[in-house]
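Asker: Okay, here's the structure, questions in a sec.
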Amino acid sequence: MSNRPAPLVAARDLVKSYGRTPALRGACLEVGEGEIVAVTGASGSGKSTLLHCLAGIVRPDGGTVTYDGKRVDLLPEDRLSELRRTDFGVMFQFGQLIPELTAVDNVALPLMLAGTARGTAQERAEEWLERFGVREQKDLRPGELSGGQEQRVALARALVTGPRVVFADEPTGALDSLAGEQVMTALVGAARASGAAVLLITHDATVAAYADREVRLRDGAVVGAEVPA
Amino acid sequence: MSTRHILLGLLAKGPSHGYELKQRHDEHFPQARPLAYGQVYTTLQRLVRDGLAEVEGTDSDGGPERTLYRLTEKGSREVTAWAGQVTPPAPFVANEIFTKVVVTILTGGDPAAHLLAQRAAHMERMRELTALKTAPGADLTTVLSADYALNHLDADLRWMTTTQARLASLTALTMEVDRA
Ligand SMILES: Nc1ncnc2c1ncn2[C@@H]1O[C@H](COP(=O)(O)OP(=O)(O)O)[C@@H](O)[C@H]1O
Ligand SMILES: [Mg+2]
Numbered sequence: 000m001s002n003r004p005a006p007l008v009a010a011r012d013l014v015k016s017y018g019r020t021p022a023l024r025g026a027c028l029e030v031g032e033g034e035i036v037a038v039t040g041a042s043g044s045g046k047s048t049l050l051h052c053l054a055g056i057v058r059p060d061g062g063t064v065t066y067d068g069k070r071v072d073l074l075p076e077d078r079l080s081e082l083r084r085t086d087f088g089v090m091f092q093f094g095q096l097i098p099e100l101t102a103v104d105n106v107a108l109p110l111m112l113a114g115t116a117r118g119t120a121q122e123r124a125e126e127w128l129e130r131f132g133v134r135e136q137k138d139l140r141p142g143e144l145s146g147g148q149e150q151r152v153a154l155a156r157a158l159v160t161g162p163r164v165v166f167a168d169e170p171t172g173a174l175d176s177l178a179g180e181q182v183m184t185a186l187v188g189a190a191r192a193s194g195a196a197v198l199l200i201t202h203d204a205t206v207a208a209y210a211d212r213e214v215r216l217r218d219g220a221v222v223g224a225e226v227p228a
Numbered sequence: 000m001s002t003r004h005i006l007l008g009l010l011a012k013g014p015s016h017g018y019e020l021k022q023r024h025d026e027h028f029p030q031a032r033p034l035a036y037g038q039v040y041t042t043l044q045r046l047v048r049d050g051l052a053e054v055e056g057t058d059s060d061g062g063p064e065r066t067l068y069r070l071t072e073k074g075s076r077e078v079t080a081w082a083g084q085v086t087p088p089a090p091f092v093a094n095e096i097f098t099k100v101v102v103t104i105l106t107g108g109d110p111a112a113h114l115l116a117q118r119a120a121h122m123e124r125m126r127e128l129t130a131l132k133t134a135p136g137a138d139l140t141t142v143l144s145a146d147y148a149l150n151h152l153d154a155d156l157r158w159m160t161t162t163q164a165r166l167a168s169l170t171a172l173t174m175e176v177d178r179a
């Protein structure tokens, strides 16, 4: 612990309840610059809530979340959405692509929201689709894609803005093992190439094995955190 | 499964000598325990004795003389028949992790702590195997054998996770049996 560089993302003693249901009870976690960390644990152990707190989607009831030295849990809403747009990439179990938009438009959207012109945004989006082997599907809508293709488009959308952290919540949860392997290879390869850190949530050990280390949650707290190899 | 069948399978690729057979083995079964030379030579002699392989001749290739072996018709039939047989699903549970967890419970130790440490060791090995199979240029046999090992480690882990969750009732049950 002593000589490690300051973490890029850190959660300390996070507490969060939904009504009377406790989701986090003192969870702590650190992710270093460029580090890939898997969070595993039984269903209901608080993995998604932890990710939502770290990514600034949900505010914790107690504890602190810092990103690059800034207190994420204290940021006003407008600064928070700006941070999410510029520094974070997010990906879920089901792509959550916009059903009315084509694959390439889905990927181009975050760039256009950040002010990039449509033509440039589409070009960059196509490069990412190409990289993940789904360029041929660029004009298809999410409903016309296979599960694995949809997740690779979602991955392209998460990475197109060059985030420093990617938050991925069960990105392979709905896929068979070969499609899951393609998504994980794409995610890890792209993160390593760009130096992005990844917080990867999964209940699947074969997926967690793509990460540098594993952090296990039980009942809203960390049970066994391994030291990085 | 036996070294006999593995060597017959490797000889099916063409005549070879002991040294090369060992190399072929390690290349085709990269995650398996490497074959010892001594084992290769004694097995080859038994295959010849049983008419499954025969000596084709010797080659020296500048170095020391080496005996070349080839498959006989009978050996070829034997290896094909063996590879085609369905393997009986393991009838008995004889696994060291399982046994240690039970013994830990019997001796009043801390099975939860043991499982946590075992999980860390399994995850470490799974990370190595994943790195191996996703490395650029990994060949098919490496990917297949890493997949095989990963799936078995994953099965261990799933059993360990369920066991962890069951431990309270499992320990209670053992104590009841003790009292009875
Ligand atoms: N939006 C919500 N409303 C009410 N309860 C929730 C909500 N999200 C999560 N929970 C509860 O919080 C606990 C942790 O959930 P979650 O973080 O989704 O765990 P995991 O992702 O590990 O399955 C569970 O008991 C769950 O039912
Ligand atoms: Mg979840």
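In order, the protein sequences belong to chains Y and X.
The first sequence begins at 0 in numbering that gives the first Met the number 0 and counts up by one.
The second sequence begins at 0 in numbering that gives the first Met the number 0 and counts up by one.
For each residue, glycine too, the CB sits at the ideal point set by N, CA and C.
Please read these numbers as outputs of a predicted model, since none were measured by experiment.
(1) Report the residue from X:Ile96, X:Leu6, X:Leu34 whose alpha carbon sits nearest the alpha carbon of X:Asp155.
(2) Considering only residues of the same chain and omitting the five flanking positions on each side of X:Trp81, which have a CB-CB separation below 7 Å?
(3) Going by DSSP in three states, X:Arg126 sits in which element: helix, strand or coil?
(4) Whole beta strand (DSSP E) runs in the stretch 36–75 of chain X with 3 or more residues, listed along the chain?
(5) Kindly indicate if chain X contains any beta-carbon less than 8 Å away from that of Y:Ala220.
(6) Roughly how many angstroms lie between the CA atoms of X:Thr103 and Y:Asp104, to the nearest whole one?
(7) At the level of alpha carbons, what is the spacing between Y:Ala210 and Y:Ile35?
(8) If you measure between the beta carbons of Y:Leu37 and Y:Thr201, is that distance less than 8 Å?
(9) Compile a chain-ordered list of the residues in the stretch 148–159 of chain X whose CB is closer than 8 Å to at least one CB of chain Y.
(10) Does the Cβ-Cβ distance between Y:Asp72 and Y:Arg84 come in under 8 Å?
(11) Mind checking which residues open and close the beta strand (DSSP E) that includes Y:Gly219?
(12) Measure from the alpha carbon of X:Gln38 to the alpha carbon of each residue in X:Asn94, X:Thr98, X:Lys21, then state which is nearest.
(13) Quick one: does the C-beta of Y:Gly55 sit closer than 7 Å to a heavy atom of ligand 1?
(14) What do you reckon, is the C-beta of Y:Tyr17 under 7 Å from a heavy atom of ligand 1?
(15) Verify whether the separation of the beta carbon atoms of Y:Lys46 and Y:Ala102 is less than 8 Å.
(16) If you measure from the beta carbon of X:Arg165 to each beta carbon in chain Y, is any gap under 8 Å?
(17) Does the CB of Y:Glu213 have a neighbour CB from chain X at under 8 Å?
(18) Could you say which of X:Leu128, X:Leu105, X:Ala120 lies nearest to X:Met159 if we only look at CA atoms?
(19) Do Y:Ser47 and ligand 2 come close, with the Cβ less than 7 Å from some heavy atom?
(20) If you compare alpha carbons, which of Y:Ser16, Y:Thr20, Y:Lys69, Y:Leu50 is closest to Y:Ala167?
(21) Let's test the definition: count the other Cβ atoms within 10 Å of the Cβ of Y:Thr205 and tell me whether it reaches 16, buried, or not, exposed.
(22) Assign Y:Lys69 to one of three DSSP states: helix, strand, or coil.
(23) Considering only C-alpha positions, which residue in the set X:Leu6, X:His27, X:Gly83 is nearest to X:Val47?
Answerer: Let's see:
(1) X:Ile96
(2) His4
(3) helix
(4) 52–58, 65–70
(5) no
(6) 57 Å
(7) 5 Å
(8) Contrary to the premise, residue 37 of chain Y reads as Ala rather than Leu in this sequence. Taking 8 Å as the Cβ cut-off, Y:Ala37 and Y:Thr201 qualify as a contacting pair.
(9) Leu149, Asn150, Leu152, Asp153, Leu156, Arg157
(10) no
(11) Careful: Y:Gly219 lies outside any beta strand (DSSP E) and carries neither H nor E.
(12) X:Lys21
(13) no
(14) yes
(15) no
(16) no
(17) yes
(18) X:Ala120
(19) yes
(20) Y:Leu50
(21) buried
(22) strand
(23) X:Leu6
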